[in-house]
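Participant: To convert, note that position 273 of the sequence shown is 338 in this note's numbering; the numbers rise steadily by one, no gaps. A single structure is presented below for examination.
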Amino acid sequence: MSQSLPAMVWERVVAQAGRPILREKQRGIWRGVTWAELGQRMRAIGQALRATGFEPGDVACVLAETRPEWVYADLGIQGAGGVAAGVDPAAGTELLGETLRDCAARVLFVENEEQLDKALHARGACPALERIVILDMKGLRGLADPMCESLEAFMARGEAHDRDAGRDWEQGLAAIRADSLAALVYTAGTTGAPKGVMLSHRAVLAQAENAARLFGLRPGDERLAFMPMSHVMERVLGLYVGLHAGTVGNYVEGADTVLENLREVRPTVLAAAPCVWERFHARISLATDAATLAQRVLYRWAMAAGGRRADRRLAGDRVPPWTALEASLLGWLVLGNVRRELGLDRLRVALVG
66 MSQSLPAMVW
76 ERVVAQAGRP
86 ILREKQRGIW
96 RGVTWAELGQ
106 RMRAIGQALR
116 ATGFEPGDVA
126 CVLAETRPEW
136 VYADLGIQGA
146 GGVAAGVDPA
156 AGTELLGETL
166 RDCAARVLFV
176 ENEEQLDKAL
186 HARGACPALE
196 RIVILDMKGL
206 RGLADPMCES
216 LEAFMARGEA
226 HDRDAGRDWE
236 QGLAAIRADS
246 LAALVYTAGT
256 TGAPKGVMLS
266 HRAVLAQAEN
276 AARLFGLRPG
286 DERLAFMPMS
296 HVMERVLGLY
306 VGLHAGTVGN
316 YVEGADTVLE
326 NLREVRPTVL
336 AAAPCVWERF
346 HARISLATDA
356 ATLAQRVLYR
366 WAMAAGGRRA
376 DRRLAGDRVP
386 PWTALEASLL
396 GWLVLGNVRR
406 ELGLDRLRVA
416 LVG
């Protein structure tokens, strides 16, 4: 059994190389990323960190919106024996600096020019910070700062190191102990100052295994990735549990395309904050208000019937045959159309947190 998250991922990379594990939308087309491609990218980042003096137990942070590169960086950091921390992409310069100082981050991955600007303003107060890696170089081709380099150049450095290093990647993965720190998840805390929740590899793997079993997740399930990866919901319940279960993560184009991408992907698993589910409810309420009287009556009848069946199930009671038939029939005739309109018609597991 694997002792760490990156070792578990690497086992999947070897055993299931050609199977998709991520998707992202590029120029209007959803493109898959296989386990093998995920492995190549996490390895290149991990080896680049090692080549630049990153040691086991060192911390690297990611400041970016939810995107596949966040995943590659997270796993590459952990694969190098380091601790992966995330910073909320909405954080200002002051909060970014406080977080970097608190965890003594040596490396910071930033998404783009906007996030780089924050990092450059904060770095003077972050004595441990040595390197900034930029995921998207749009507008930054003329940048000449010895602390900064593109993700492309950083990964090329890692690939060059890997060619000369023999099997030190696999040996490094094997050396990571279960009780070693894997990740830091920052919360605001009661005082407003950043508080890093420490997660060991043992804790991450236990949570991933238990959640996958509890929710009945299986390879080939589809999830939509759109919550901030700096938060525990997307990072642990989304990414880490998904990697353990083999759930394919579909990464949205942006915050303004979530509903559109949801209808395209039609996930079987969806983990979202309460405000997202409230948005769905508001959307349905608006549609109901605009419906005919007959449609409104049918919708309310279907919701009431489903509620009666759900109450029985939650109480552990037997569902009477008529209640089951009524809820199933109305669910098929009425609520199925609502779910299809939202992109939830295949949804099997819905999580809120």
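We put the beta carbon where it would ideally sit given N, CA and C, even for glycine. For clarity, every value in this text was computed on a predicted model and none was experimentally measured.
In whole angstroms, what is the alpha-carbon distance linking V306 and L238?
Facilitator: Counting from 1 along the sequence shown, the entry for residue 306 is found at position 241. Counting from 1 along the sequence shown, the entry for residue 238 is found at position 173. Between V306 and L238, the C-alpha separation is close to 19 Å.
Participant: Would I86 be called buried (16 or more neighbouring beta carbons within 10 Å of its own) or exposed?
Facilitator: By one-based count along the sequence shown, residue 86 stands at place 21. Per the 10 Å Cβ criterion, buried.
Participant: When we look at the beta-carbon of I241 and count the other beta-carbons within 10 Å, is it buried (16 or more) or exposed?
Facilitator: Reading the sequence shown from its first residue, position 176 is the one you call residue 241. That one is buried.
Participant: Using only the alpha-carbon positions, how far apart do D376 and M73 sit?
Facilitator: Taking the first residue of the sequence shown as 1, we reach residue 376 at position 311. Taking the first residue of the sequence shown as 1, we reach residue 73 at position 8. Approximately 39 Å, taken between the alpha carbons.
Participant: Out of curiosity, what's the CA-to-CA distance linking L264 and P293?
Facilitator: One-based indexing of the sequence shown puts residue 264 at position 199. One-based indexing of the sequence shown puts residue 293 at position 228. About 18 Å.
Participant: Out of curiosity, what's the CA-to-CA distance linking I96 and P133?
Facilitator: As a working note, residue 96 is residue 31 in the sequence shown. As a working note, residue 133 is residue 68 in the sequence shown. The sequence given here places Arg at residue 96; Ile does not occur at that position. In a straight line, the C-alpha of R96 is about 12 Å away from that of P133.
Participant: Can you tell me whether R206 is buried or exposed? The criterion is at least 16 other CB atoms within 10 Å of its CB, across all chains shown.
Facilitator: By one-based count along the sequence shown, residue 206 stands at place 141. When all chains shown are included, R206 counts as exposed.
Participant: For A40, I'd like the list of residues in its chain whose CB is within less than 6 Å of its CB, leaving aside the five on either flank, ordered along the chain.
Facilitator: Limits of the chain in this structure are 66 at one end and 418 at the other, which puts residue 40 out of reach.
Participant: From the DSSP output, in three-state form, read off Q81 for me.
Facilitator: Walking along the sequence shown from the start, residue 81 turns up at place 16. Looking at Q81 - three-state DSSP - the assignment turns out to be coil, as it is neither helix nor strand.
Participant: Are the segment 112 to 129 and the segment 147 to 157 in contact at 8 Å, needing three or more beta carbon pairs?
Facilitator: Segments in contact, yes.
Participant: Check whether the segment 361 to 378 touches the segment 396 to 414, taking contact to mean three or more Cβ pairs, one atom from each stretch, closer than 8 Å.
Facilitator: Segments in contact, yes.
Participant: Considering Cα atoms alone, identify which of G285, A193, L379, L407 is closest to A352.
Facilitator: Numbered from its first residue, the sequence shown carries residue 352 at position 287. Nearest of G285, A193, L379, L407 to A352, Cα basis: L407.
Participant: DSSP three-state call for R96: helix, strand or coil?
Facilitator: What you label residue 96 is simply residue 31 of the sequence shown in a count that begins at 1. Strand.
Participant: In terms of residues, what are the limits of the alpha helix (DSSP H) holding V301?
Facilitator: Translated into positions along the sequence shown, residue 301 becomes position 236. Premise fails: V301 is in no alpha helix (DSSP H) and is neither H nor E.
Participant: How would you call S295, buried or exposed, if buried means at least 16 neighbouring beta carbons within 10 angstroms?
Facilitator: Translated into the one-based positions of the sequence shown, residue 295 becomes position 230. S295 is buried by the Cβ-count criterion.
Participant: If you run the structure through DSSP and keep just helix, strand and coil, what is T333?
Facilitator: Translated into positions along the sequence shown, residue 333 becomes position 268. Looking at T333 - three-state DSSP - the assignment turns out to be coil, as it is neither helix nor strand.
Participant: How would you write the range of the beta strand (DSSP E) that N315 sits in, first residue to last?
Facilitator: Working through the sequence shown from its first residue, we reach residue 315 at position 250. Where N315 is concerned, the enclosing beta strand (DSSP E) stretches over 313 to 316.
Participant: Pairing CB atoms from the segment 100 to 118 with CB atoms from the segment 284 to 293, are three or more of them under 8 Å?
Facilitator: Result no; under three Cβ-Cβ pairs closer than 8 Å.
Participant: Please work out which residues of its chain come closer than 6 Å, Cβ to Cβ, to V414, disregarding the five sequence neighbours upstream and downstream, and give them in chain order.
Facilitator: If you number the sequence shown from 1, residue 414 lands on position 349. Excluding positions up to five away in sequence, the list reads F280, V334.
Participant: Is there contact here, the segment 228 to 238 with the segment 160 to 180, by at least three beta-carbon pairs under 8 Å?
Facilitator: Contact between the segment 228 to 238 and the segment 160 to 180 is absent, because fewer than three Cβ pairs lie under 8 Å.
Participant: Please classify V79 as buried or exposed, where buried requires at least 16 neighbouring CB atoms within 10 angstroms.
Facilitator: What you label residue 79 is simply residue 14 of the sequence shown in a count that begins at 1. Counting Cβ neighbours within 10 Å, V79 comes out exposed, since fewer than 16 surround it.
Participant: According to DSSP, is F174 helix, strand or coil?
Facilitator: Start at 1 with the first residue of the sequence shown, and residue 174 comes out as number 109. Reduced to three states, the DSSP call for F174 is strand.
Participant: For M220, does the count of other Cβ atoms within 10 angstroms reach 16, so buried, or fall short, so exposed?
Facilitator: Residue mapping note: residue 220 aligns to position 155 of the sequence shown, counting from 1. Answer is buried; the Cβ neighbour count reaches 16.
Participant: Measuring CB atoms only, is the segment 338 to 348 touching the segment 374 to 394, in the sense that at least three cross pairs come out at less than 8 Å?
Facilitator: Flag = no, the segment 338 to 348 and the segment 374 to 394 do not touch.
Participant: Based on Cα-Cα distance, which residue from A101, A276, K90 lies nearest to E76?
Facilitator: Looking up residue 76 in the sequence shown gives position 11. For the residues A101, A276, K90, the minimum Cα distance to E76 belongs to A101.
Participant: From what residue to what residue does the beta strand (DSSP E) around V403 run?
Facilitator: Position 338 of the sequence shown, counting from 1, holds the residue named residue 403. It is not in any beta strand (DSSP E) - V403 instead sits in the alpha helix (DSSP H) that spans 401 to 407.
Participant: Does DSSP put Q68 in a helix, a strand or coil?
Facilitator: Translated into positions along the sequence shown, residue 68 becomes position 3. In this structure, Q68 counts as coil in the three-state DSSP scheme.
Participant: Could you say which of A380, L394, T322 lies nearest to P386 if we only look at CA atoms?
Facilitator: For the purposes of this step, residue 386 is taken as residue 321 along the sequence shown, with counting starting at 1. Considering only alpha carbons, the answer is L394.
Participant: Per DSSP, what kind of secondary structure is A258 in: helix, strand or coil?
Facilitator: For the purposes of this step, residue 258 is identified with residue 193 of the sequence shown, where counting begins at 1. Reduced to three states, the DSSP call for A258 is coil.
Participant: Less than 8 Å between the beta carbons of P284 and G311, yes or no?
Facilitator: Translated into positions along the sequence shown, residue 284 becomes position 219. Translated into positions along the sequence shown, residue 311 becomes position 246. Yes, these two residues count as a Cβ contact at 8 Å.
Participant: Per DSSP, L246 forms a beta bridge with which residues?
Facilitator: Sequence index remark: in the sequence shown, residue 246 carries index 181 (1-based). Beta-bridge pairing links L246 to S265.
Participant: In this structure, how does DSSP classify C213 when only helix, strand and coil are distinguished?
Facilitator: Mapped onto the sequence shown, residue 213 falls at position 148. Of the three classes helix, strand and coil, the one that applies to C213 here is strand, per DSSP.
Participant: To the nearest whole angstrom, what separates the beta carbons of A268 and L70, a pair I think is in contact under 8 Å?
Facilitator: Position 203 of the sequence shown, counted from the first residue, corresponds to residue 268. Position 5 of the sequence shown, counted from the first residue, corresponds to residue 70. About 10 Å separates the two Cβ atoms, so there is no contact after all.
Participant: I need the DSSP call for E89, collapsed to helix, strand or coil.
Facilitator: To locate residue 89, count along the sequence shown from 1; it is residue 24. Note: E89 maps to strand in three-state DSSP.
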